[in-house]
Amino acid sequence: MTTRVLVLNGPNLGRLGSREPDVYGSTTFAGLVERCRKTAAGLGLDADVRQTDDEAELVHWLHEAADAGTPVVLNPAAFTHYSYALRDACAQLRAPLVEVHISNPAAREEFRHTSVVAGVATGTVAGFGLGSYDLALRAVADLV
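One point on numbering: in full-length UniProt numbering, the residue at position 59 of the sequence shown is 59, and numbering is uninterrupted.
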């Protein structure tokens with residue numbers, strides 16, 4: 001039996017491939033979805049990969065995961081730094097939560113150095129490009 005994992009992505013990540021390729025690479029969001037599904041399958045996981053620019057929708061998805069006991073890989077994107085609503089939704093999760101970032105926020109602008117999500121996450125993976133998602137999924141597989 002495979003374990004379902006939600007791979008949730010916040011604002012602007014649907015523009016991967018065209019948004020700041022020097023920071024985020026040239027792979028599109030569709031490419032990320034394919035990569036996550038393939039990596040997850042190899043780890044005995046079933047990845048449900050989603051993206052939204054809407055904070056309320058992301059909170060709703062986290063509530064869905066909390067209610068079902070589903071592990072989450074979360075790239076909160078800009079919400080990382082200021083969304084207490086997102087942080088509070090993450091705090092309700094009963095299964096592992098791995099925060100993930102394509103770039104290394106600590107090596108970027110100072111406003112990116114604080115994550116309101118990190119304190120309620122099981123762990124954080126950042127700075128390895130799209131490989132950060134592979135590492136986050138491996139962590140989930142090890143934890144469930």
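In this text, a Cβ means the ideal position worked out from N, Cα and C, and glycines have one as well. Treat the numbers as computed from the prediction; the structure is a model and nothing was measured.
Sequence-distant partners of residue 14 (beyond 5 residues in either direction) whose C-beta falls short of 6 Å from its own C-beta, in its chain, are 29 and 51.
According to the DSSP assignment, residue 50 belongs to the beta strand (DSSP E) that extends over 45 to 51. About 4 Å separates the beta carbon of residue 141 from that of residue 43, a gap short enough to meet the 8 Å contact definition. For residue 101, the number of other beta carbons within 10 angstroms of its own is at least 16, and it is reported as buried.
The DSSP assignment places complete beta strand (DSSP E) segments of no fewer than 3 residues inside the stretch 1 to 37 at 3 to 9, in order along the chain. The three-state secondary structure of residue 126, taken from DSSP, is strand.
Distances from the CA of residue 23 to each of 125, 112, 104 and 124 were compared; the closest alpha carbon is that of 104.
Our two residues, residue 138 and residue 53, have alpha carbons roughly 26 Å apart in a direct line. Residue 5 is positioned such that its CB atom lies closer than 9 Å to that of residue 70.
Shown here for residue 64: same chain residues with a beta carbon closer than 8 Å to its own, the five before and five after excluded, namely 6 and 70 in chain order. Residue state for residue 116 is assigned as coil, using DSSP reduced to three classes.
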